[in-house]
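Residue numbers (the working numbering), protein chains in the order written: chain Z, 1 to 153; chain Y, 1 to 340. Every residue, glycine too, gets a C-beta built ideally from N, C-alpha and C. Note that the structure is predicted; figures quoted are calculated from it, not measured.
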C-alpha cells in the first residue's frame, strides 16, 4: 500500500529545496551596512540635538527627554509627509530600531485608520503595530523592577 | 438538444464549450504605477492618483471596478442594465469592492472569491453559464487596489518596512469582459478548474513560491485532459506568480514534460519594469485582469496571438490563518481563449 502521507511529505521536502535554490539569497551584508549607517546617522542627529540643548544650559536629564521628544516629532512629521517609509525601504532596521521607528509605527497606524473614525479607527487601532512593543516592554520592565526590589532587599 | 450530465467535461478537471462564448468587448483601468509600466499605452484608462477624488482607497477601488464594467459595455453601445449578470470579485474582506460596484450598477450579481485567480474564475463561470443556455450576455470582472490590499493583508501604508526581494506589489487595476453567446471576437473554448494545492510554503511575503505548484498542476491537467501537444498554445500566461513563482513553475513544467520557454510568461512579471521597485513583480486580482483586458486581448484581436491560455493564480490565505501558523494554499484556473 502506498503511504499517501509519506509521499506528500517527500513532495513538500523536494519542493522546499527547489524553492530554496530558486529564491534570491537575502542581502544580509548590504542590509546590515545600510541599517548601521542610517541608524547611526539618526543617533548622531540625536547626539547633536542633545549636546546643543546642554550647551543652551539644559540639565542632562532634561536634555535627554527633550531629545527624545524632538526625534519622535521629526519621525512623526516625516511619516505624515510620506517620506519615512521611503527611507525605511533602504534603511530597514536602521529606521525601525531607534525611537523614530516607534513613532513611525504609531503615526502610520493612526493615519491609516483615520477613515474609520476617531473611536473605532484611530482609537482602537493606533497601537496595531506598536502594541507588541508596549506590551512586552511593560512586561520586561515590571520583571526587572521586581528583580531589583528583591536584589536590593 | 438533450444534454446528458457531464458531456461537456473532458478528462478529470476540464470543460470544453460546445458553443464557445465570445468576448465581445473588454476594458481595463489601471493605477498610476501600472500606467508607467511597459504596457501603459495598452490600457483604456490610467488613473492620475490612487484616490481619484474619493474619500478613501476603498471607495476609489469600487468606483474603478464600476467604471471598468461600464466602459467595457459602452464599447458595444450597451449600458449596465443590458447585462443580464455581473460576475466579479476582489481581494477585500466580504468582497467589499465588488458588492459596492454592483450596488451602483444594479445588475444581477454573483460575487466571487478566488484571491488573485478571480478574473479566470469569473470567465470560466461566465462561459459555463452562457454555454449552458442560462444567459446570453454577462460581464466578468475583477479588481484590486494596492493600498486597500496593503492595509488589509500587510502593514499600514506609511509604516516603514523593508520589502523582501521575493515580495510582490499588489496591482491597482480593474478589468472587465463582456461575454456573449453570440457576436464576434475571441472565444473561450475550454477551461480547467484547479485544485487547491499546498506544498507547505508559509512565507506570506513569497506568494509566488506558494502558488507555483497549483499553477503547474493546472497547466499539466489542462494539457493532459485535452490531449494537446505541449506547444498547442502560442502563449501560456499565469496570473501573478512574479519572477520567483514563474521560475518555479517553469521548472515544475519541465518535470511534467512540458516546455515552458518561449511559450510561457506571467502577468506579474510583464506588468512592471524591473526599475519600478516592485521586487518580484505584480500581484492581485487586477494584475491578470488588466493584462488580459489590456495588451493580451488586443494582441489576440490583432492576430499576434492566436491561442492563449490564461492561468489565474491565487494564494488562498488570510492574515488570520497566517498568524495561526497555517501554510499558504494555492489555486489556479485555466481559461483557453482562441481567435477565429
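Per DSSP, reduced to three states, the secondary structure at residue 307 (chain Y) is strand. Residue pairing by DSSP places residue 59 (chain Y) in no beta bridge whatsoever. When Cβ-Cβ separations below 9 angstroms define contact, residue 162 (chain Y) makes contact with chain Z. At least 9 angstroms separates the CB of residue 99 (chain Z) from every CB of chain Y. Taking the C-beta atoms as reference points, residue 212 (chain Y) is found no nearer than 9 angstroms to residue 325 (chain Y). By the CB criterion at 9 angstroms, residue 21 (chain Y) and residue 174 (chain Y) fall outside the cutoff. Along the region 47-85 of chain Z, the beta strand (DSSP E) does not occur as any fully enclosed run of 3 or more residues.
For residue 16 (chain Z), a Cβ of chain Y is located within less than 9 angstroms of the residue's own Cβ. The beta carbon of residue 45 (chain Y) sits closer than 6 angstroms to the beta carbons of 29 from its chain, once the five residues preceding and following it are set aside; these are given in chain order.
Membership of residue 94 (chain Z) in the alpha helix (DSSP H) is indicated by the continuous run 93-96. Within chain Y, the residues 160 have their CB atoms less than 7 angstroms from the CB of residue 95 (chain Z), given in chain order. Exclusion of the five residues before and after residue 71 (chain Y) leaves 27, 29, 44, 45 and 176 as the residues of its chain whose Cβ lies within less than 8 angstroms of its Cβ. DSSP, read as helix, strand or coil, puts residue 46 (chain Y) in strand. Residue 77 (chain Z) counts as exposed, since fewer than 16 other beta carbons sit within 10 angstroms of its beta carbon. The CB of residue 323 (chain Y) never comes closer than 9 angstroms to any CB in chain Z; the least such distance is about 12 angstroms.
With a 10 Å radius around the Cβ and a threshold of 16 neighbouring Cβ atoms, residue 184 (chain Y) comes out exposed. With fewer than 16 other Cβ atoms from the protein chains shown falling within 10 Å of its own Cβ, residue 304 (chain Y) counts as exposed.
Contact between residue 281 (chain Y) and residue 236 (chain Y) does not hold, since the beta-carbon distance rounds to 17 angstroms and is not under 8 angstroms.
From the beta-carbon of residue 84 (chain Z), the residues of chain Y found nearer than 9 angstroms are 158, 159 and 160.
Shown here for residue 67 (chain Y): same chain residues with a beta carbon closer than 7 angstroms to its own, the five before and five after excluded, namely 29 in chain order. A check of alpha carbon separations from residue 92 (chain Z) across Z:59, Z:120, Z:153 and Z:34 identifies Z:34 as the nearest. Counting the other CB atoms within 10 Å of its CB gives residue 49 (chain Y) a total below 16, which places it among the exposed residues. A distance below 6 angstroms between beta-carbons, with the five flanking residues on each side excluded, links residue 159 (chain Y) to no residue of its chain.
Residues of the region 306-333 of chain Y whose Cβ lies closer than 8 angstroms to any Cβ of chain Z: none. In the three-state reduction of the DSSP assignment, residue 10 (chain Y) falls in the strand class, which pools E and B.
Annotation for residue 180 (chain Y): the continuous beta strand (DSSP E) segment containing it runs 173-180. A straight line joining the alpha-carbon of residue 38 (chain Y) with that of residue 52 (chain Z) spans about 51 angstroms. Residue 30 (chain Z) counts as exposed, since fewer than 16 other C-beta atoms from the protein chains shown sit within 10 angstroms of its C-beta. Taking 8 angstroms as the upper bound on Cβ-Cβ separation, chain Z lies near residues 200, 201, 206, 209 and 213 of the region 200-219 of chain Y. Taking a beta-carbon distance threshold of 9 angstroms, residue 27 (chain Z) counts as an interface residue toward chain Y.
Distances from the CA of residue 132 (chain Y) to each of Y:6, Y:296, Y:260 and Y:320 were compared; the closest alpha carbon is that of Y:6. In this structure, DSSP gives residue 333 (chain Y) an extended state, which the three-state scheme calls strand.
Inter-residue distance for residue 90 (chain Z) and residue 75 (chain Z) is about 16 angstroms (C-alpha atoms, whole angstroms). Under the three-state reduction of DSSP output, residue 24 (chain Y) falls in the strand class. Considering only Y:271, Y:94, Y:11 and Y:299, the residue with the shortest C-alpha distance to residue 318 (chain Y) is Y:94.
Sequence-ordered contacts of the region 132-160 of chain Y with chain Z read 151, 155, 156, 157, 158, 159 and 160 [C-beta pairs closer than 8 angstroms].
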